[in-house]
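Going down the list, the protein sequences come from chains H and G.
In this text, residue positions in the first sequence follow my numbering: the first is 1, and each later residue adds one.
In this text, residue positions in the second sequence follow my numbering: the first is 420, and each later residue adds one.
Glycine included, each C-beta is placed from N, C-alpha and C at the ideal position.
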Amino acid sequence: MAMTLAQKILQMHTDEEVREPGQIVECSLSGVLANDITGPLAIKSFHAMGAKKVFDRDRVFLVMDHYTPQKDIASANQVIVSRRFAREMGITHYYEGGCAGVEHALLPEKGLVKPGDLVIGADSHTCTYGGIGAFSTGLGSTDIACGMVLGKLWFKVPATIRVNIEGTMPRWIRGKDLILRLIGEIGVDGALYRALEFGGSALKDVDIEGRLCMANMAIEAGGKCGLFPSDDLTAEYCRAHGTPDPMRLAADEGAEYERTVTMDVTGMEPVVACPHLPENTRPVSELSDVTVDQVVIGSCTNGRISDMRDAAEILRGRKVAKGVRCIVIPATPAVWRQAMDEGLFEVFSDAGCVISTPTCGPCLGGYMGVLGDGERCISTSNRNFRGRMGSLDSELYLASPVVAAASAVTGVITGPEAL
Amino acid sequence: MSFTGKVHKVGAHIDTDAIIPARFLVTTDTRKLGEACMEGLEPGWVKRVHEGDIIVAGRNFGCGSSREHAPLAIIGAGIRAVVGHSFARIFYRNAFNMGLMLLEVGDEVDKINDGDTLEISPENGTIRDLDNGAEIRIPPLSPMMQTLIDKGGMVNYVKEQLKLRGEAE
Numbered sequence: 001m002a003m004t005l006a007q008k009i010l011q012m013h014t015d016e017e018v019r020e021p022g023q024i025v026e027c028s029l030s031g032v033l034a035n036d037i038t039g040p041l042a043i044k045s046f047h048a049m050g051a052k053k054v055f056d057r058d059r060v061f062l063v064m065d066h067y068t069p070q071k072d073i074a075s076a077n078q079v080i081v082s083r084r085f086a087r088e089m090g091i092t093h094y095y096e097g098g099c100a101g102v103e104h105a106l107l108p109e110k111g112l113v114k115p116g117d118l119v120i121g122a123d124s125h126t127c128t129y130g131g132i133g134a135f136s137t138g139l140g141s142t143d144i145a146c147g148m149v150l151g152k153l154w155f156k157v158p159a160t161i162r163v164n165i166e167g168t169m170p171r172w173i174r175g176k177d178l179i180l181r182l183i184g185e186i187g188v189d190g191a192l193y194r195a196l197e198f199g200g201s202a203l204k205d206v207d208i209e210g211r212l213c214m215a216n217m218a219i220e221a222g223g224k225c226g227l228f229p230s231d232d233l234t235a236e237y238c239r240a241h242g243t244p245d246p247m248r249l250a251a252d253e254g255a256e257y258e259r260t261v262t263m264d265v266t267g268m269e270p271v272v273a274c275p276h277l278p279e280n281t282r283p284v285s286e287l288s289d290v291t292v293d294q295v296v297i298g299s300c301t302n303g304r305i306s307d308m309r310d311a312a313e314i315l316r317g318r319k320v321a322k323g324v325r326c327i328v329i330p331a332t333p334a335v336w337r338q339a340m341d342e343g344l345f346e347v348f349s350d351a352g353c354v355i356s357t358p359t360c361g362p363c364l365g366g367y368m369g370v371l372g373d374g375e376r377c378i379s380t381s382n383r384n385f386r387g388r389m390g391s392l393d394s395e396l397y398l399a400s401p402v403v404a405a406a407s408a409v410t411g412v413i414t415g416p417e418a419l
Numbered sequence: 420m421s422f423t424g425k426v427h428k429v430g431a432h433i434d435t436d437a438i439i440p441a442r443f444l445v446t447t448d449t450r451k452l453g454e455a456c457m458e459g460l461e462p463g464w465v466k467r468v469h470e471g472d473i474i475v476a477g478r479n480f481g482c483g484s485s486r487e488h489a490p491l492a493i494i495g496a497g498i499r500a501v502v503g504h505s506f507a508r509i510f511y512r513n514a515f516n517m518g519l520m521l522l523e524v525g526d527e528v529d530k531i532n533d534g535d536t537l538e539i540s541p542e543n544g545t546i547r548d549l550d551n552g553a554e555i556r557i558p559p560l561s562p563m564m565q566t567l568i569d570k571g572g573m574v575n576y577v578k579e580q581l582k583l584r585g586e587a588e
């Protein structure tokens, strides 16, 4: 049978024969992830299940990233639960403090996920690893506890929506613009229960960090995962990040798709998602009258080194507009260090940005840039639900680091061409 | 066994930040989470809820994060079941794993009015609005979801698996 990427990867992890969408198969897991918010619930379920050990102490990943360093007593107490569990179980990959970064940037960077893997995480943006050809999906803490104990879980084989990216990528268009445009076209439940599979002739022009960003937001269309093939670019990335011989993967010719969406990127303008859903997309040039109080550049969507370089390229020799807070958050300690070594911190500092240590922080309204009543922010994160970054009366716009940085300079939503 | 409850209608794309905002995620206590249920939709929303009430929702209920605190907050608020047009997939799994009943009914959801009393009979496969007389057929659950409900949720299911392996306490 000709298979989609989703079917192919699930088949690699089960003894049952993967056939049609809707079929339920039990699969072996390559990795199981939880963070400082979802870990304690998973650990509670783990104990309630009567379990004594994790299925594989090298393949359970615990990353304390959402409120790190812990913002208050309650969040600090939650980390104690995970820290103790990691110690008791002898978990190899427990990350906290100066070792911790935003989980979905950290795992691929450390080579803990590779093409063909099947990974579950107690975080909805676990779908990020589809950017390097891994089937990964977000689940709740109790499913994660089950995965931690048994190393297995049931999956419904998803139908797949094929997305072909064609044409010539304009200079300032990034993966973020492509995924926002797609969500704008198909809606926030356009891929509900389904896999997104990306292909097309312009895929070669989307680098791995751009692909990770796109896969990250598959969930914002309701998707189970967002899968990219594992090609030359993937191999190069994986070799540089601890996987010497990564698997090549592509969907079979003649695989069955529920539908195919084609996006021609030629002449495309940067895209911004307006409040309060990621599907409310507009070309950046239509929003030049929208003022901002805060700009956030970071997150599991756009906190990688290429994002830092994009922001720095825009901010070099320029100043953040008076009255605007621009918060730059490198997603991992390695990105933080690389940005510093490349002199990007000088650029950010000269421009008047706040430079944070790695954290999810403001993306979920946690801390490090929470919005007050009536405030407006443009952020490179993935979700702009009402109240997501703070007050229920605040507003959140989503864009690429290029657009976010340009908006920081002018104080209104601005594309790079308008600077 | 059928049960009845008062309807609280909510709109489409009610996300997990609306169900339980992140600032309340510093506990795993169901009752405490319940006190903040729907706080991101409307402050004080939960005050209208009585034990055994039912949420009736539009498309894509529970979209957003994977936080299991969302179904827990709904359970903690005393809600017995959620009838929805459709549900976000992570929320759907989480709810069944936590023992919260979800009933996916598509466009039929529009037949139910806010504030009415619903009678839900899972065995008969029916939902009835006792105030306007509307009746909705409930599609059967998939075998895996049925297994989870029969076992009393995911925790018990895994417990049984471990017993079979001789690894449980």
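Checklist entry - Any C-beta of chain H sitting closer than 8 Å to the C-beta of residue 565(G)? => result no
Checklist entry - Is the beta carbon of residue 113(H) sitting closer than 8 Å to the one on residue 187(H)? => result Not in contact: residue 113(H) and residue 187(H) (Cβ atoms no closer than 8 Å).
Next on the checklist: Excluding the 5 residues flanking residue 13(H) on each side, which residues of the same chain have their C-beta closer than 6 Å to its C-beta?
Outcome noted: 27, 28, 118
Checklist entry - Under 8 Å, do residue 165(H) and residue 268(H) count as touching if we go by C-beta distance? => result In this structure, residue 165(H) sits away from residue 268(H), with a CB-CB distance that is not shorter than 8 Å.
Checklist entry - Given a threshold of 16 other Cβ atoms within 10 Å of its Cβ, counted over all protein chains shown, does residue 331(H) qualify as buried or as exposed? => result Of the residues assessed, residue 331(H) falls on the buried side of the cut-off, its CB having 16 or more other CB atoms within 10 angstroms.
Checklist entry - Using CA coordinates, which residue listed in 401(H), 237(H), 177(H) is at the minimum distance from residue 303(H)? => result 401(H)
Checklist entry - Any beta-carbon of chain H closer than 8 Å to the one on residue 442(G)? => result Interface residue, yes.
Next on the checklist: Quick check: residue 144(H) and residue 34(H), are their CB atoms within less than 8 Å of each other?
Outcome noted: yes
Checklist entry - For residue 288(H), is the classification buried or exposed, using 16 other Cβ atoms within 10 angstroms of its Cβ as the cut-off for buried? => result exposed
Next on the checklist: Give me the DSSP bridge partner(s) of residue 427(G).
Outcome noted: 474(G)
Next on the checklist: If contacts are defined as beta-carbon pairs under 8 Å, then residue 443(G) and residue 461(G) qualify, I think. What distance do you get, rounded to the angstrom?
Outcome noted: Contact flag wrong, Cβ pair sits at about 15 Å.
Next on the checklist: Using C-beta distances below 6 Å, list every residue in its chain close to residue 326(H), excluding the 5 sequence neighbours before and after it, in chain order.
Outcome noted: The residues are 295, 320, 353, 408.
Checklist entry - Contact check, residue 438(G) vs residue 481(G) under 8 Å by CB: the rounded distance? => result 7 Å
Item to check | Distance CB(residue 590(G))-CB(residue 535(G)) smaller than 8 Å | outcome: This structure does not reach residue 590(G), given that chain G is present from 420 up to 588, and the question cannot be answered.
Checklist entry - Opposite residue 480(G) in the DSSP bridges: which residues? => result 506(G)
Item to check | Separation of residue 371(H) from residue 393(H), as counted between CA atoms | outcome: Looking at the two C-alpha atoms, the distance is approximately 9 Å.
Checklist entry - Roughly how many angstroms lie between the CA atoms of residue 5(H) and residue 255(H), to the nearest whole one? => result Their Cα atoms are separated by approximately 9 Å.
Next on the checklist: Give me the subset of the region 200–227 of chain H whose CB atoms are less than 7 Å from a CB atom of chain G, sorted by chain position.
Outcome noted: Within the region 200–227 of chain H, the qualifying residues are 222, 224.
Item to check | Within chain G, partners of residue 189(H) - CB distance below 9 Å | outcome: 431, 432, 478, 479, 482, 505, 507
Next on the checklist: Quick check: residue 40(H) and residue 75(H), are their CB atoms within less than 8 Å of each other?
Outcome noted: no
Checklist entry - How close, in whole Å, do the beta carbons of residue 197(H) and residue 160(H) come, if the pair is a contact with beta carbons under 8 Å? => result 5 Å
Checklist entry - Looking at the C-beta of residue 92(H), does it have a partner C-beta in chain G at a distance below 8 Å? => result Cβ-Cβ to chain G under 8 Å: no for residue 92(H).
Next on the checklist: Can you tell me whether residue 224(H) is buried or exposed? The criterion is at least 16 other CB atoms within 10 Å of its CB, across all chains shown.
Outcome noted: Taking a 10 Å sphere around the C-beta of residue 224(H), we find 16 or more other C-beta atoms and assign the residue as buried.
Next on the checklist: In this structure, how does DSSP classify residue 174(H) when only helix, strand and coil are distinguished?
Outcome noted: The answer is coil: DSSP assigns residue 174(H) none of H, G, I, E or B.
Checklist entry - Would residue 519(G) count as contacting chain H if we go by Cβ distances under 8 Å? => result no
Checklist entry - Taking residue 383(H) as the reference, which of 278(H), 412(H), 349(H), 154(H) has the closest Cα? => result 278(H)
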